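Residue numbers (UniProt numbering): 1 to 306.
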């Protein structure tokens, strides 16, 4: 048994049992992948994969249990390298942060600027995606830190912490009739076409729940992945935008106005997440603390490695 065989098992599952794609990821021929799997199964004396002819179609019961152990072994193998780098005196390193457009565009710029100025030896890689994609990057080890909505708290293999609270806002053109109302209601909003986030993004479930609870069905004419796109179409007069209030700037969005909507859709929490057991180097804790000062290294360590 060797690490390469374990990597083949893990990657085969990630590639939906497609050995050609597994070989591409691991820079190994398909025959080499098949040979590695067969040798491991022969050594263990059990079948890891279910087969239909020569094709792999899934994991056996033994394979499902074994995959969990494989994941832990490979995670700790990577952790050994990170621990060595942390204590070898090398300050250089890479930090990969996976986050949504809202965080990357409106929340992180000042944090990243200060971090890069203070820790210039670190190379920062920023991945944007949906909360689901962010979770997948964390679980696969392709990201060190994830920043997104409450979704991250629902995944058992991730440990997440509240980062900051935010509310939705309604964005309209400067001459919109909603601006004449003292207290905008959901019924008022339902009279206009709505442009908002895709269902997998940034608190959209809170918006849907609020309208449903009020027995109202909004006319959602456009959904988009980020607030900048939503604001563009609001500016074209195609509807009112329901977005994170963080996405509005009086300096940038001079042709638009923001109507606070926390009383309609409630509060949301952005969360910082890491994979349980994933060893973070000192500069990763530094980054987290800059974003959420209460989340110190000493406060996080015991929970991440519990």
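Backbone N, C-alpha and C define an ideal beta-carbon position, used for all residues, glycine too. Computed from a predicted model, the values in this text were never measured in an experiment.
**Request:** State yes or no: is the C-beta of residue 310 within less than 7 angstroms of the C-beta of residue 37?
**Result:** Summary: the structure shown does not reach residue 310, with the chain confined to residues 1 through 306, and so no result is reported for it.
**Prompt:** To the nearest whole angstrom, what separates the beta carbons of residue 104 and residue 126, a pair I think is in contact under 8 angstroms?
**Reply:** 6 angstroms
**Message:** My output table needs one value for residue 249: the three-state DSSP class, helix, strand or coil.
**Reply:** coil
**Request:** For residue 57, count neighbouring C-beta atoms within 10 Å of its own C-beta (all shown protein chains included) and say buried if the count is 16 or more, exposed if not.
**Result:** exposed
**Asked** With a CB to CB cut of under 8 angstroms and the five nearest residues on each side skipped, what residues in its chain are close to residue 93?
**Response** 85, 121, 122, 123, 281 and 283
**Request:** Could you check what DSSP says for residue 165 in three-state terms: helix, strand or coil?
**Result:** strand
**Message:** Am I right that residue 299 and residue 146 are in contact with their C-beta atoms under 8 angstroms? What's the rounded C-beta distance?
**Reply:** Not really, about 18 angstroms apart at Cβ, beyond 8 angstroms.
**Prompt:** What are the boundary residues of the beta strand (DSSP E) that residue 209 is part of?
**Reply:** Run containing residue 209: none in the beta strand (DSSP E); it sits in the alpha helix (DSSP H), 204-213.
**Environment of residue 13 [buried if 16+ CB atoms lie within 10 Å]** = buried
**Prompt:** Between residue 194 and residue 265, is the Cβ-Cβ spacing less than 7 angstroms?
**Reply:** no
**Asked** For residue 242, does the count of other Cβ atoms within 10 angstroms reach 16, so buried, or fall short, so exposed?
**Response** buried
**Asked** For residue 253, which of 278, 63, 227 and 28 has the nearest alpha-carbon?
**Response** 227
**Message:** With a threshold of 7 angstroms between beta carbons, is residue 38 in contact with chain B?
**Reply:** In summary, chain B is missing from the structure at hand, where a single protein chain is found.
**Asked** Could you give the residue range of the beta strand (DSSP E) that holds residue 313?
**Response** Any question about residue 313 goes unanswered here, given that the chain covers just 1 to 306.
**Pairwise C-alpha distance: residue 137 and residue 39** = 30 angstroms
**Asked** Residue range of the beta strand (DSSP E) that residue 128 falls in?
**Response** 122-128
**Request:** Determine the direct distance from the alpha carbon of residue 134 to that of residue 271, and round the result to whole angstroms.
**Result:** 12 angstroms
**Request:** Under the assumption that residue 170 contacts residue 230 (Cβ atoms under 8 angstroms), give the Cβ distance between them as a whole number of angstroms.
**Result:** With a Cβ gap of about 11 angstroms, residue 170 and residue 230 do not count as contacting.
**Request:** Please name the residue or residues paired with residue 223 in a DSSP beta bridge.
**Result:** 196
**Item:** Simplified DSSP assignment, three categories, for residue 159
**Value:** strand
**Prompt:** Is the distance from the Cβ of residue 131 to the Cβ of residue 148 below 7 angstroms?
**Reply:** yes
**Prompt:** Thinking C-alpha only, which one of 173, 10 and 186 is nearest residue 214?
**Reply:** 186
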